[in-house]
Amino acid sequence: MSGKLICLVCSIFVLVSAGEVQAELVGWWRFDEGSGTVVADSSAYGNDGTLNGDPKWIDGQVGGALDFDGSTNFVEIPHSESLAMTEQITIAAWTNMRTDASGEMLIVSKGGWQANTPYELSEEAGSVIYWQFFDDAGRDDCAPDSPPVDEWHHIAATYDGTVFKCYIDGELADEWGYVGTIPENELQVMIGRRSTGGRFFNGMIDEVMIYNQALGEDEVRKIMMGVSGFGSARAPDPANGALHEDTWITIGWKPGDFAVSHDMYFGDNFDDVNDGAGDTFIGNQVATYFVAGFPGFAYPDGLVPGTTYFWRIDEVNDADPNSPWKGDVWSFSIPPKTAYNPDPADAAGFVDPNVELSWTQGFGSKLHTVYFGDNFDDVNNAAGGPPQGATTYSPGPLELEKIYYWRVDEFDAATTHKGDVWGFTTPGAVGNPQPANGATDVQMIATLNWTAADNAASHELYFGTDKDAVKNAAAASPEYVGARALGSESYDPGKLAWDAAYYWRVDEVYPAETIKGLVWGFTTADFILVDDFESYNDIDPPDEASNRIFDKWKDGFGTTDNGALIGNDLPPYAEQIIVHGGAQSMVYRYDNANKTSEATMTLVYPRDWTDEGVTKLVLWFRGGSANAAERMFVALGGNAVVYHDDPAVTQATGWTAWVIDLTLFADQGVDLANVDTITIGFGTKNSPAAGGSGQMYFDDIRLAR
């Protein structure tokens, strides 16, 4: 990547103590005054600041901003209880650091390089972002890459009592887990300098905000976009996806900023709760908690072990035209009475022969009985084994090239709960399934591959949509695919169904016996992939394995009329830091100085853009605030063009989905059943003009229904 990089030290030193936190904006310095020596706090708390050293009033990212000289300028805000967070915090600001900046420079500080520092948010010249914590135990940090200097970027830092997170331009850059007691002090809050002196900021700062709660990623994006209030309920308790080890529960949340009351939905079916169907609506109330699984409340007979429950809070304020604010669907699970979370996982491969087996005990269990062997039926039918108190078991040194099975029964002082049979393989056995066991979003044209056992002579393959049928199948079963010779460890099942589950099994044939394999599974996608950029590599020609991103996406390199350049100049050629999904995305530099910028990929698959009833093209993109404003377009077949509605879309920060109705191309004469090329471009196609330059990112280009 080009351009000088900086190191952002997102040093948030946060304190934790007992007490109820009300979700509020406690400090908001917009720097829109334009003159004078006072910066007003736009929150409800009146934490106004005073200018020191004459920072300059300038135009900022949002309205006005302050320009700090890096040596004498700062804003001082007196200590107040509202700025002394004790449980959670969010700090956010727009910053633009000068190219000559050096060393650590504070954006927001309430402390110094010492213990008893509640929080600091800082940037440091270099190449990484530090999100760090510093107390009596010392300093810890994490260090993702940072954005370039001489550009506006949105920096946000959160702590929720367990995890520090740092966001750059609305995207999570890194996180670090820490739970502990964190101190307080009564120092002033400084903007542009450390509270105890020094570390002056060299650059511009705008829109500094402090919340007394940890905002989520969506909320961070909202404040980056200028939204100061949140209508929806948030901060579910228990946390979304949590395990709850009891048959009753008190559920709580933090209310939306405009809520007067709350509509509550609760049930054991996601769709019903999401749609408010059936008896999932349990009432409207003012309180921000409710009870379930207790007589007189929802599910009065108790919550059921092994069940996942879903809940939703809609915020209500009849005086507001935006009411109600529909909430997200959250969930928690009651653990099953059977053992779960086996380690190694079910169907794991290449397990160490000296493995120690472990599991999570079932809900309410007291004792555990382990059964282990190399025959599924023997393990499944075993009974009467000795109980034990530990949730680990060492079967002793195991043989290589073997499949082993194990089962754990749980006793809860009243009943024995028979466990599932789990399996794993040791090194040398058949394994390495592709698609991987448990894979999701597998494409409908997938080919199955596996690695043969070291000493197998051939393979017997089974494939189907019913897991039990595949597990129990024999040569006469419809799931039987047939024999595969050694060296032919692949199978093309033909086109698979949209959003469907599949299972397969490979039995290894030895001269003396056939060993039945484990069942592997995967799920196909509910979209057709055009390009997710994961397949590209850094291998240069003439190596036959070369698959460089700019060889498939043809750009304007070496031309005078096309300003597009795809990929990085040096490996890794595909972008591996700023990604939407997976491990890679496409970096796209455009230069529209009297030209347009276009990158085109010739399609091999998919070419039929009517397949499976798809109606939309979806591509994820990300721009930058420093980019020149240019039109963005997609063209099919060279000439059918659709432009994005926003003429300055190149300046959009954060990942954004562009959804294009395919009829917009069909109306221009494109045969959607035979699409040969896709082009992403900037400017007005076939009409070059004086324009600017910038850098964009693209990922996860798909066809959807």
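For the sequence shown, the working numbering assigns the number 364 to the initial residue and increments by one for each residue that follows. We treat Cβ as the ideally placed atom computed from N, Cα and C, and that holds for glycine.
Secondary structure of valine 784 (DSSP, three-state): strand.
Valine 401 and glycine 561 have their C-alpha atoms spaced approximately 21 Å apart.
Close CB contacts of histidine 780 within its chain, under the 7 Å cut and outside five residues either way in sequence, are with Lys700, Thr701, Gly725, Asp772 and Glu773 (chain order). Counting every other CB atom within 10 Å of its CB across the protein chains shown gives valine 526 a total below 16, marking it as exposed. Straight through space, the alpha carbons of leucine 849 and tryptophan 515 are spaced by roughly 59 Å. Contact annotation: valine 1038 and glycine 1001 have beta-carbon atoms that are not nearer than 8 Å. Taking a C-beta distance under 8 Å as the contact criterion, glutamate 486 and methionine 448 do not qualify as a contact pair. Measuring C-alpha to C-alpha distances from proline 441 to each of Val471, Pro481, Gln551 and Ser434 identifies Gln551 as the nearest. Contact check between the segment 1008-1016 and the segment 934-952: fewer than three CB pairs, one atom from each, fall below 8 Å, which does not count as touching. For the segment 821-873, the continuous beta strand (DSSP E) assignments of 3+ residues that do not extend past its boundaries occur at 821-827, 843-848 and 864-872, in sequence order. For threonine 671, the three-state secondary structure derived from DSSP is strand. Annotation for glutamate 534: the continuous beta strand (DSSP E) segment containing it runs 534-540. C-alpha of asparagine 957 to C-alpha of alanine 1011: approximately 18 Å in a straight line. Relative to tyrosine 843, the option among Phe826, Glu852, Ser1050 and Arg584 whose CA is nearest is Phe826. Under the DSSP assignment, methionine 587 falls outside any beta strand (DSSP E), being part of the alpha helix (DSSP H) whose first and last residues are 580-587.
Between threonine 1040 and methionine 964 a beta carbon distance of about 7 Å is seen, short of the 8 Å cut, so the two are scored as contacting. Burial state of proline 749 is exposed, judged by a 10 Å Cβ sphere holding fewer than 16 other Cβ atoms. Put simply, of Asp974, Ser696 and Ala802 the residue whose alpha carbon is nearest the alpha carbon of aspartate 1034 is Asp974. Note on the segment 446-495: whole beta strand (DSSP E) runs with a minimum of 3 residues are 452-460, 467-472 and 483-487, in chain order.
About 5 Å separates the beta carbons of glutamate 871 and alanine 816, which is inside the 8 Å limit, making them a contact pair. Per DSSP, the beta bridge partners of arginine 770 are Tyr734 and Val784. DSSP, read as helix, strand or coil, puts glutamine 1014 in helix. For serine 686 against threonine 671, the beta-carbon gap comes to about 29 Å, at or over 8 Å, which does not count as contact.
Counting only runs of at least 3 residues, the segment 387-438 fully encloses the following beta strand (DSSP E) elements, listed from N- to C-terminal order: 388-392, 412-415, 419-422 and 427-432. According to DSSP, tryptophan 916 shares a beta bridge with Met964.
Between threonine 651 and alanine 577, the CB-CB gap reaches or exceeds 8 Å. Residues Glu823 and Leu824 of the same chain have their beta carbon placed closer than 8 Å to that of glycine 845, with the five preceding and five following residues left out of the count. Secondary structure of alanine 888 (DSSP, three-state): coil. A check of alpha carbon separations from histidine 731 across Thr754, Asp430 and Tyr873 identifies Thr754 as the nearest. Per DSSP, valine 1038 lies in no alpha helix (DSSP H) segment and is marked neither H nor E. Between the segment 666-680 and the segment 568-582 there are fewer than three inter-stretch CB-CB distances shorter than 8 Å, so the stretches are not counted as touching.
Residue environment analysis places serine 465 among the exposed positions, since fewer than 16 neighbouring C-beta atoms fall within 10 angstroms of its C-beta. Within the model, the alpha-carbon separation for tryptophan 391 versus asparagine 990 is close to 27 Å.
In the same chain as asparagine 603, and ignoring 5 residues on each side of it, the C-beta atoms closer than 7 Å to its own belong to Trp693 and Ser694, in chain order.
DSSP places alanine 602 in the coil class of the three-state scheme, outside both helix and strand.
With 16 or more other Cβ atoms inside 10 Å of its own Cβ, phenylalanine 653 counts as buried.
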